[in-house]
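See below for the structure under consideration.
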Amino acid sequence: MKKIIFQGLLLIVLFFSTWFVLQQINWVTILRIKQTTEKTEEKLDELLWETIKTTEDENTNQLVLKSVDSLITKICNYNDIERSKIKFNVINKNEINAFAMPNGRLVIYSGLITASEKQEELAGVLCHEIAHIQLNHVMKKLIKEIGLSTLISITTGTKGSELIKETAKVLSSTSFDRGLEKEADIKAVEYLTKAEINPEHFAHFLYKINESESEIMKYLTWISTHPDSKKRAEYIIDHSKNNKVKNVPVLKDETWNKLKELVENQ
Amino acid sequence: MIQKTTFIYKPGEHETEKASNSYLMSLIAFIVGLPLPIINLLATFFFYISNRKGTYFVRWHCTQALLSQFSMLFVNSFGFWWTVSIIFYSETITNHYIAYMITAIIFNLSEFIATIYTAIQTRKGIHVQWWFYGSLTHLICKP
């Protein structure tokens, strides 16, 4: 019996030591997995953004872009996120929406800025979308919804523009899995806390639009694609209650008001 | 790892064929059910059930084939679900994952080669006993 246990244990040790030794090799670099993934994401982003740009009205106002950039830069700097990896564009549209695209691109609708009473509310949504990017949720969602082979055929140019439009629609108007949404929310709380932005404002934003009147619901794309916003607000509060966050505004009040004014008038 | 020994009696022609088939069964099922690790275990298990009243030589080899499949089930299932979570969920391809898959392939390949070798030897009536599985089979399978 002892012999059997010894032999069995030796087999287990042999398995785990082989695994351990092989782990010391940097397979991801050798097999160029990262580069291949990055190239696919870059190409997808290029194609999708070209499609969105032709159908939507892009906001190019320097004050709007610089203000949003200041918010994103602070979030990135305080959370060790490489700033150059996050790109963003503002679209003039009444819908309250923001979504993440492959290759770290954030698309923000002007309706979201209008609906945000405070800059901290907008920062909350930005953190949530940055979390989707950082946690690699975007490609996961596309693989699940569109399929890996279709995505590759899009990037190699063998599929038509209709499919690219459909892919852009998947990103802008469908939600992630409930689990991924929660993961992004919790990460967003972490980002906000580190960036000295009180996460309670983000929770408040969710509460607020959850209770909005039904007639404006047609504009609340971000909420309709992110279900259970009340529940989400509750666990955001729950996750942030133990952290005493000093709230340091990124933008001056007049800059924030000017930003709102600019997007409202466009 | 593999040891040729003499069995307690000399098996007949029909016994060597059946015993050899138990290994072939796991090989065929291995190829057919490659994406689903449980398939080869089930195939070997049904072969074992149908031969559990066979002669001692046949039962012994059916048991050894089944036990070896059983341990590979754990290795392969873990690799299978890890792959599924990479394709459909938020897991990413890491060095740990690639190293695990290579380890799993090495172990599967060793088992595959050992199975082919044992199937050939058993067909010739030679008793082949595997490291650990042979001793375990002796413990479970009595004349």
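Just so you know, the sequences run in chain order A and B.
Residues 1 to 266 in this note's numbering are what the first sequence spells out, letter by letter.
Residues 1001 to 1143 in this note's numbering are what the second sequence spells out, letter by letter.
Glycine residues also receive a C-beta, built at the ideal position from the N, C-alpha and C atoms.
1) Got a sec, what are the start and stop residues for the beta strand (DSSP E) Phe99(A) sits in?
2) Could you give the residue range of the beta strand (DSSP E) that holds Val90(A)?
3) Using a Cβ-Cβ distance under 8 Å, would Glu215(A) count as near chain B?
4) Take Thr60(A) as the anchor and find which of Ser84(A), Glu41(A) and Phe88(A) has the nearest alpha-carbon.
5) Going by C-alpha to C-alpha distance, which of Asn1076(B), His1061(B) and Tyr1100(B) sits closest to Pro1143(B)?
6) Can you tell me whether DSSP reads Lys252(A) as helix, strand or coil?
7) Beta-carbon separation of Ile96(A) and Tyr109(A) under 8 Å?
8) Would you say Phe99(A) reaches chain B, if we count a Cβ-Cβ gap shorter than 8 Å as a contact?
9) Could you tell me whether the Cβ atoms of Ile33(A) and Ile1093(B) are closer together than 8 Å?
10) Helix, strand or coil: how does DSSP classify Asn59(A) here?
11) Using a Cβ cut-off of 8 Å, which residues of the stretch 126-153 of chain A contact any Cβ in chain B, in chain order?
12) By the three-class DSSP mapping on this structure, what secondary structure does Lys208(A) have?
13) So Thr150(A) and Lys43(A) are supposed to be a Cβ contact under 8 Å. How far apart are they, rounded?
14) If you check the beta carbons only, do Ile1116(B) and Leu1041(B) fall under 8 Å apart?
15) What are the start and end residues of the alpha helix (DSSP H) that includes Arg178(A)?
16) Return the CA-CA distance between Lys118(A) and Ala98(A), expressed in angstroms with no decimal places.
17) Looking at Val28(A) and Val64(A), is the spacing between their C-beta atoms short of 8 Å?
18) Rounded to the nearest angstrom, what separates Lys53(A) and Ile164(A) at their Cα positions?
19) So the alpha helix (DSSP H) Ile1116(B) belongs to, where does it begin and stop?
20) What three-state label does DSSP hand Lys1004(B) in the structure shown?
21) Give me the chain B residues within the contact set of Gly8(A), using Cβ-Cβ distance strictly less than 7 Å, ordered along the chain.
22) What does Phe15(A) reach in chain B if we use C-beta pairs closer than 8 Å?
So, from the listed chains and residues:
1) From DSSP, the beta strand (DSSP E) with Phe99(A) extends over Ala98 to Met101.
2) Val90(A) -> beta strand (DSSP E) spans Lys87 to Ile91.
3) Note that Glu215(A) has pLDDT 48, beneath the 50 cutoff, so the model's placement of it is unreliable and the number below is only indicative. Not one beta carbon of chain B lies nearer than 8 Å to the beta carbon of Glu215(A).
4) The residue with the shortest Cα to Cα distance from Thr60(A) is Phe88(A).
5) Of the candidates Asn1076(B), His1061(B) and Tyr1100(B), the one whose C-alpha sits nearest the C-alpha of Pro1143(B) is His1061(B).
6) Note: Lys252(A) maps to coil in three-state DSSP.
7) Cβ distance < 8 Å, so Ile96(A) and Tyr109(A) count as in contact.
8) It does not; no Cβ of chain B falls within 8 Å.
9) Note that the C-beta distance between Ile33(A) and Ile1093(B) is below 8 Å.
10) Of the three classes helix, strand and coil, the one that applies to Asn59(A) here is strand, per DSSP.
11) Cβ contacts with chain B: Leu135, Asn136, His137, Lys140, Ile143, Lys144 and Leu148.
12) It is helical.
13) Incorrect: roughly 14 Å between the Cβ atoms, too far for contact.
14) Going by beta carbons, Ile1116(B) and Leu1041(B) fall outside the 8 Å limit.
15) Judged by DSSP secondary structure, Arg178(A) falls within the alpha helix (DSSP H) whose first and last residues are Arg178 to Lys194.
16) As the crow flies, the alpha-carbon of Lys118(A) is around 16 Å from that of Ala98(A).
17) Going by C-beta atoms, Val64(A) is not nearer than 8 Å to Val28(A).
18) Their Cα atoms are separated by approximately 13 Å.
19) The continuous alpha helix (DSSP H) containing Ile1116(B) extends over residues Asn1095 to Arg1123.
20) For Lys1004(B), the three-state secondary structure derived from DSSP is strand.
21) Those within 7 Å of Gly8(A) in chain B are Phe1132.
22) The contact set of Phe15(A) on chain B, defined by CB atoms closer than 8 Å, consists of Val1075, Thr1103 and Phe1107 in chain order.
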